[in-house]
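Q:
Protein chains: 2
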Amino acid sequence: MSVTAAKGFTAAGIAAGIKQNGNPDLALVVNTGPRRAAAGVFTSNRVKAAPVLWSQRVLDDGELTAVVLNSGGANACTGPQGFQDTHATAEKVAEVLSAKGPEVGAGEVAVASTGLIGVLLPMDKLLPGVEKAAAELSEHGGEKAAIAIKTTDTVHKTSVVTKDGWTVGGMAKGAGMLAPGLATMLVVLTTDADVDAKGLDSALRGATRVTFDRVDSDGCMSTNDTVLLLASGTSGVSPAQDEFTEAVRAVCDDLARQLIGDAEGASKDIRIEVINAATEDDAVEVGRSIARNNLLKCAIHGEDPNWGRVLSAIGTTSAAFDPDELNVAINGVWVCRNGSVGEDRELVDMRYREVTITADLAAGTESAVIWANDLTADYVHENSAYSS
Amino acid sequence: MSVTAAKGFTAAGIAAGIKQNGNPDLALVVNTGPRRAAAGVFTSNRVKAAPVLWSQRVLDDGELTAVVLNSGGANACTGPQGFQDTHATAEKVAEVLSAKGPEVGAGEVAVASTGLIGVLLPMDKLLPGVEKAAAELSEHGGEKAAIAIKTTDTVHKTSVVTKDGWTVGGMAKGAGMLAPGLATMLVVLTTDADVDAKGLDSALRGATRVTFDRVDSDGCMSTNDTVLLLASGTSGVSPAQDEFTEAVRAVCDDLARQLIGDAEGASKDIRIEVINAATEDDAVEVGRSIARNNLLKCAIHGEDPNWGRVLSAIGTTSAAFDPDELNVAINGVWVCRNGSVGEDRELVDMRYREVTITADLAAGTESAVIWANDLTADYVHENSAYSS
Numbered sequence: 001m002s003v004t005a006a007k008g009f010t011a012a013g014i015a016a017g018i019k020q021n022g023n024p025d026l027a028l029v030v031n032t033g034p035r036r037a038a039a040g041v042f043t044s045n046r047v048k049a050a051p052v053l054w055s056q057r058v059l060d061d062g063e064l065t066a067v068v069l070n071s072g073g074a075n076a077c078t079g080p081q082g083f084q085d086t087h088a089t090a091e092k093v094a095e096v097l098s099a100k101g102p103e104v105g106a107g108e109v110a111v112a113s114t115g116l117i118g119v120l121l122p123m124d125k126l127l128p129g130v131e132k133a134a135a136e137l138s139e140h141g142g143e144k145a146a147i148a149i150k151t152t153d154t155v156h157k158t159s160v161v162t163k164d165g166w167t168v169g170g171m172a173k174g175a176g177m178l179a180p181g182l183a184t185m186l187v188v189l190t191t192d193a194d195v196d197a198k199g200l201d202s203a204l205r206g207a208t209r210v211t212f213d214r215v216d217s218d219g220c221m222s223t224n225d226t227v228l229l230l231a232s233g234t235s236g237v238s239p240a241q242d243e244f245t246e247a248v249r250a251v252c253d254d255l256a257r258q259l260i261g262d263a264e265g266a267s268k269d270i271r272i273e274v275i276n277a278a279t280e281d282d283a284v285e286v287g288r289s290i291a292r293n294n295l296l297k298c299a300i301h302g303e304d305p306n307w308g309r310v311l312s313a314i315g316t317t318s319a320a321f322d323p324d325e326l327n328v329a330i331n332g333v334w335v336c337r338n339g340s341v342g343e344d345r346e347l348v349d350m351r352y353r354e355v356t357i358t359a360d361l362a363a364g365t366e367s368a369v370i371w372a373n374d375l376t377a378d379y380v381h382e383n384s385a386y387s388s
Numbered sequence: 001m002s003v004t005a006a007k008g009f010t011a012a013g014i015a016a017g018i019k020q021n022g023n024p025d026l027a028l029v030v031n032t033g034p035r036r037a038a039a040g041v042f043t044s045n046r047v048k049a050a051p052v053l054w055s056q057r058v059l060d061d062g063e064l065t066a067v068v069l070n071s072g073g074a075n076a077c078t079g080p081q082g083f084q085d086t087h088a089t090a091e092k093v094a095e096v097l098s099a100k101g102p103e104v105g106a107g108e109v110a111v112a113s114t115g116l117i118g119v120l121l122p123m124d125k126l127l128p129g130v131e132k133a134a135a136e137l138s139e140h141g142g143e144k145a146a147i148a149i150k151t152t153d154t155v156h157k158t159s160v161v162t163k164d165g166w167t168v169g170g171m172a173k174g175a176g177m178l179a180p181g182l183a184t185m186l187v188v189l190t191t192d193a194d195v196d197a198k199g200l201d202s203a204l205r206g207a208t209r210v211t212f213d214r215v216d217s218d219g220c221m222s223t224n225d226t227v228l229l230l231a232s233g234t235s236g237v238s239p240a241q242d243e244f245t246e247a248v249r250a251v252c253d254d255l256a257r258q259l260i261g262d263a264e265g266a267s268k269d270i271r272i273e274v275i276n277a278a279t280e281d282d283a284v285e286v287g288r289s290i291a292r293n294n295l296l297k298c299a300i301h302g303e304d305p306n307w308g309r310v311l312s313a314i315g316t317t318s319a320a321f322d323p324d325e326l327n328v329a330i331n332g333v334w335v336c337r338n339g340s341v342g343e344d345r346e347l348v349d350m351r352y353r354e355v356t357i358t359a360d361l362a363a364g365t366e367s368a369v370i371w372a373n374d375l376t377a378d379y380v381h382e383n384s385a386y387s388s
């Protein structure tokens with residue numbers, strides 16, 4: 001499953017000792033070909049971690065042979081030494097893979113890191129860990145790789161879609177700092193479809209735009225977000241671009257939903273549907289504004305259908321709407337009609353983890369869905385003690 | 001003190017029964033002249049409460065005789081009935097004041113409301129309350145008026161600046177939903193200086209731009225924010241515009257600081273200084289982004305000098321900076337230098353309520369200060385049960 005569901009990939013996940021608690025913390029994914037096409041999307045935060053700067057660069061030629069990922073340290077805001085460490089990690093992967101098979105250069109190796117910002121990685125543990133991981137590479141290593149990239153995730157996340165003769169699979173980690181422009185998420189997707197770098201890039205951008213980019217757990221954008229898609233071409237099948245993009249979207253959608261479902265300290269998963277917007281951009285802007293309203297997030301935690309806070313959030317946007325025509329439903333009950341009191345709020349049942357807020361802008365025909373979480377005392381506790 | 005520190009004003013604060021707990025909930029402030037000049041600034045939320053729509057309209061001519069304020073209900077998202085209720089409230093004030101003295105029209109009466117959104121006001125209690133308040137109007141009523149506008153405020157907020165023969169004083173309420181474009185704040189300022197409506201407007205805009213508009217407790221913008229400035233001219237002194245603006249700014253600054261100090265559930269007041277920005281707008285944008293980062297707000301609550309979260313917040317802005325030249329100090333310790341690890345974070349002492357974060361963009365000479373609060377379990381508790 002996971003990144004080894006598609007043919008032409010091996011993976012491993014091991015404990016290198018980067019995490020002080022001895023949990024798995026290093027994953028390696030290798031494309032055994034014949035194709036080595038790849039595409040990636042990265043955080044839009046202007047403060048980018050060293051591995052993001054590195055991986056963006058090595059993806060310039062649209063090819064990757066391997067991805068090495070570590071948890072236990074983000075290698076962000078670590079200056080020139082941090083970049084040297086990322087480079088050394090890629091060199092080490094290239095060296096150990098070359099020793100086992102065809103020559104691999106560091107420029108074919110993407111690096112992804114996650115964990116605390118502003119701390120150098122323990123390279124004396126990481127580099128031997130690369131050797132250990134390479135020794136354990138296997139066509140069945142996908143689950144172990146998915147486990148090794150966890151930070152505060154309570155479960156590992158994988159997803160697979162199998163089509164007629166080809167497969168897209170992947171793994172993701174991310175539990176906090178989930179916001180558009182990606183989140184603190186590391187995602188590696190693999191496929192054995194025969195798709196070139198351009199086709200991969202198009203599919204990946206099309207898929208992330210409506211999945212990972214519409215997840216907004218806590219409004220915070222990470223320095224390390226990385227989503228990679230690698231194609232081995234092993235199946236020999238070249239799917240139509242639309243069909244391929246849809247398969248990638250389905251895997252991304254499933255993984256994104258798993259990220260929200262495991263967000264730090266959350267007790268509710270909030271599906272925000274914005275409908276009848278003048279433009280899709282308007283719908284997304286309104287969805288994000290609702291997703292980021294702390295007062296509303298607290299209300300949802302308290303199972304309080306406080307639609308006034310939804311209207312208050314909509315009112316801060318530049319989207320086209322008339323305040324007197326706004327309608328809001330919570331779990332299907334239209335508690336706000338025409339910008340004022342609607343159905344009885346007592347009718348809203350909020351006992352379950354998933355809560356749907358529908359915001360009807362009455363201004364057009366476009367729509368968008370944004371996923372968010374509630375704001376809880378557990379979130380505060382988890383994030384007030386993270387680095388101490 | 002408060003709104004009756006300046007000569008030419010009477011005020012009252014009484015319990016009308018709008019709040020179910022019997023606490024004071026209705027305030028009346030009356031300008032006894034000779035001048036009735038006034039200016040106001042209001043929420044920039046596009047979903048505006050009925051009293052905001054009303055008060056904006058009656059201020060068109062730059063004159064006000066009275067302001068009536070209620071807590072216990074925001075009269076926001078209440079449709080045509082809500083607007084009629086605001087109108088009826090102003091009519092009632094005009095009627096009872098006319099019975100006591102010179103004729104007053106409803107168009108000389110501003111209305112401000114605060115409390116839960118989406119609920120109609122109990123007019124059967126509010127209108128008799130107006131009569132009761134009018135009967136208690138006094139030159140010593142400022143404190144009682146300040147007390148009557150409290151919602152979740154733990155203390156009432158007043159401030160006075162006395163200059164050479166004239167005074168600016170005021171009262172404020174606000175404890176949550178504090179964000180730029182104003183917060184859930186109701187503020188009434190009075191002065192006995194002889195200033196016309198244009199001078200008041202200029203002073204008020206100049207003052208709120210660098211005070212109330214730079215308070216960002218929880219990123220949420222209210223539907224009801226109202227800041228009014230009334231001048232009686234009683235002192236007969238016409239101060240220079242600069243001197244007058246500075247006095248208004250000083251009162252606003254003091255009240256804004258009191259709002260942050262009493263924000264719902266907060267345990268820390270965070271002073272965010274952005275320095276060496278290319279423009280003041282850049283400084284404000286960066287300050288707000290830091291102020292709104294939930295992960296950082298949790299870290300500050302945990303007395304964790306997590307500068308990586310500051311950099312992560314800066315990175316989401318469009319301000320001019322080079323990531324490798326950013327410096328961040330927390331309580332004077334430069335924990336981040338040149339975008340990377342700086343002084344030892346163990347040196348940062350965060351035991352006290354006030355925490356200063358200095359973000360040096362190394363891109364110019366402009367600066368700005370934004371005030372925020374930490375994110376706490378108490379905030380979550382208070383706001384997850386507000387309407388239930």
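Protein chains in written order, with full-length UniProt numbering: chain G, 1 to 388; chain Z, 1 to 388. Ideal placement from N, C-alpha and C gives every residue a C-beta, glycine not left out.
What would DSSP say about C336 of chain G, mapped onto helix, strand or coil?
A: Three-state DSSP puts C336 of chain G in a strand.
Q: Pair every Cβ in the segment 85–100 of chain Z with every Cβ in the segment 34–41 of chain Z, then say whether three or more of these pairs are closer than 8 Å.
A: No: fewer than three Cβ pairs fall under 8 Å.
Q: Looking only at DSSP bridge pairs, what is I272 of chain G linked to?
A: Beta-bridge pairing links I272 of chain G to G:I357 and G:I370.
Q: Let's test the definition: count the other Cβ atoms within 10 Å of the Cβ of residue 389 of chain Z and tell me whether it reaches 16, buried, or not, exposed.
A: This structure cannot speak to residue 389 of chain Z, because chain Z is shown only from 1 to 388.
Q: Spell out whether any CB of chain G is found under 9 Å from the CB atom of A277 of chain Z.
A: With 9 Å as the cut-off, A277 of chain Z does not count as an interface residue toward chain G.
Q: So which residues on chain Z does R46 of chain G lean against when the C-beta distance must stay under 7 Å?
A: Correct list: G315 and P323.
Q: How far does the beta strand (DSSP E) with A172 of chain G in it reach, from first residue to last?
A: Its beta strand (DSSP E) spans residues T167 to K173.
Q: Taking only beta-carbon positions, decide if D218 of chain G is within less than 9 Å of chain Z.
A: Yes, contact with chain Z.
Q: What number of angstroms, rounded off, separates the C-alpha of G265 of chain Z from the C-alpha of V237 of chain Z?
A: Spanning the two alpha carbons is a distance of roughly 43 Å.
Q: Below 8 Å between beta carbons is the criterion; list the residues of the segment 46–76 of chain Z that meet it against any residue of chain G, in chain order.
A: For the segment 46–76 of chain Z, which is checked against every Cβ of chain G, the residues closer than 8 Å are R46, V47, K48, A74 and A76.
Q: On a Cα-Cα basis, can you pick out the residue from G:A291, G:R214, G:G199 and G:D269 that is closest to E246 of chain G?
A: Selected option, being the one with the closest Cα: G:G199.
Q: In angstroms with no decimal places, state the Cα-to-Cα distance between G219 of chain Z and I290 of chain Z.
A: So the alpha carbons of these two residues sit roughly 11 Å apart.
Q: At 8 Å on the CB atoms, spell out the chain G contacts of M221 of chain Z, in chain order.
A: The answer, in chain order, is S312, G315 and T316.
Q: Rounded to whole angstroms, what is the Cα-Cα separation between N373 of chain Z and P305 of chain Z?
A: Distance between the alpha carbons of N373 of chain Z and P305 of chain Z: 15 Å.
Q: Whose C-alpha, out of G:V286, G:G170 and G:S55, is nearest the C-alpha of G107 of chain G?
A: Measuring from the Cα of G107 of chain G, the nearest candidate turns out to be G:S55.
Q: Between L326 of chain G and chain Z, is any beta-carbon pair separated by less than 9 Å?
A: Closer than 9 Å to some Cβ of chain Z, the Cβ of L326 of chain G qualifies, so yes.
Q: DSSP beta-bridge partners for G73 of chain G?
A: According to DSSP, which records beta bridges pairwise, G73 of chain G is partnered with G:T114.
Q: Which residues of the segment 247–264 of chain G have a Cβ closer than 7 Å to any Cβ of chain Z? Give them in chain order.
A: Of all residues in the segment 247–264 of chain G, none has a Cβ within less than 7 Å of some Cβ in chain Z.
Q: Is the CB of G79 of chain Z under 9 Å away from at least one CB in chain G?
A: Yes, G79 of chain Z lies at the interface with chain G (some Cβ there is under 9 Å from its Cβ).
Q: Near residue 391 of chain Z, which residues of its chain fall below 8 Å by C-beta distance, leaving aside the five closest residues on each side in sequence?
A: Lying before the first or after the last residue shown, residue 391 of chain Z is absent from chain Z, which here runs from 1 to 388.
Q: Looking at the C-beta of G174 of chain G, does it have a partner C-beta in chain Z at a distance below 9 Å?
A: No, its Cβ sits nowhere closer than 9 Å to a Cβ of chain Z.
Q: Determine, using beta carbons only, whether P122 of chain G comes closer than 9 Å to chain Z.
A: For P122 of chain G, the answer is no, since every Cβ of chain Z falls outside 9 Å of its Cβ.
Q: Measure the C-alpha to C-alpha separation of H140 of chain G and G8 of chain G and round it to an integer number of angstroms.
A: Roughly 11 Å separates the two Cα atoms.
Q: What distance in whole Å lies between the Cβ atoms of R351 of chain G and D269 of chain G, which are believed to be in contact at a cut-off of 8 Å?
A: Actually they do not touch by this definition, with Cβ atoms about 14 Å apart.
Q: Mapping DSSP to helix, strand and coil, what is S2 of chain Z?
A: Helix at S2 of chain Z.
Q: Kindly indicate which three-state DSSP category residue 390 of chain G falls into: helix, strand or coil?
A: No answer is possible for residue 390 of chain G: the residues shown for chain G start at 1 and end at 388.
Q: Among the candidates Z:V369, Z:R36, Z:D349 and Z:H87, whose CA atom is the shortest distance from the CA of T358 of chain Z?
A: Among Z:V369, Z:R36, Z:D349 and Z:H87, the Cα nearest to that of T358 of chain Z is on Z:V369.
Q: In chain Z, what lies closer than 8 Å to G339 of chain G by C-beta?
A: Residues of chain Z passing the Cβ test: V47, C77 and G79.
Q: What number of angstroms, rounded off, separates the C-alpha of N224 of chain G from the C-alpha of S44 of chain G?
A: Whole-angstrom Cα-Cα distance: 9 Å.
Q: Compare the C-beta of T376 of chain G against all C-beta atoms of chain Z and say whether one is closer than 9 Å.
A: Yes, contact with chain Z.
Q: Quick one: give me the first and last residue of the alpha helix (DSSP H) that F321 of chain Z is part of.
A: Element bounds for F321 of chain Z: n/a, residue is neither H nor E.
Q: Using a Cβ cut-off of 9 Å, which residues of the segment 268–300 of chain Z contact any Cβ in chain G, in chain order?
A: Against chain G - using a Cβ distance shorter than 9 Å - the residues of the segment 268–300 of chain Z are R292, N293, N294, L295, L296, K297, C298, A299 and I300.
Q: Taking a Cβ distance cut-off of 9 Å, strictly less, list which residues of the segment 105–129 of chain Z are near chain G, in chain order.
A: The residues in question are L116, I117, G118, V119 and L120.
Q: If you draw a straight line from the C-alpha of S232 of chain Z to the C-alpha of A319 of chain Z, how long is it?
A: One C-alpha to the other measures close to 43 Å.
Q: Cβ of V109 of chain Z versus every heavy atom of the ligand HEM: is any distance shorter than 8 Å?
A: By its list of ligands, the structure shown contains no ligand whatsoever, and the ligand HEM lies outside what it can speak to.
Q: Check whether the Cβ of R214 of chain Z lies closer than 9 Å to any Cβ atom in chain G.
A: Not an interface residue.
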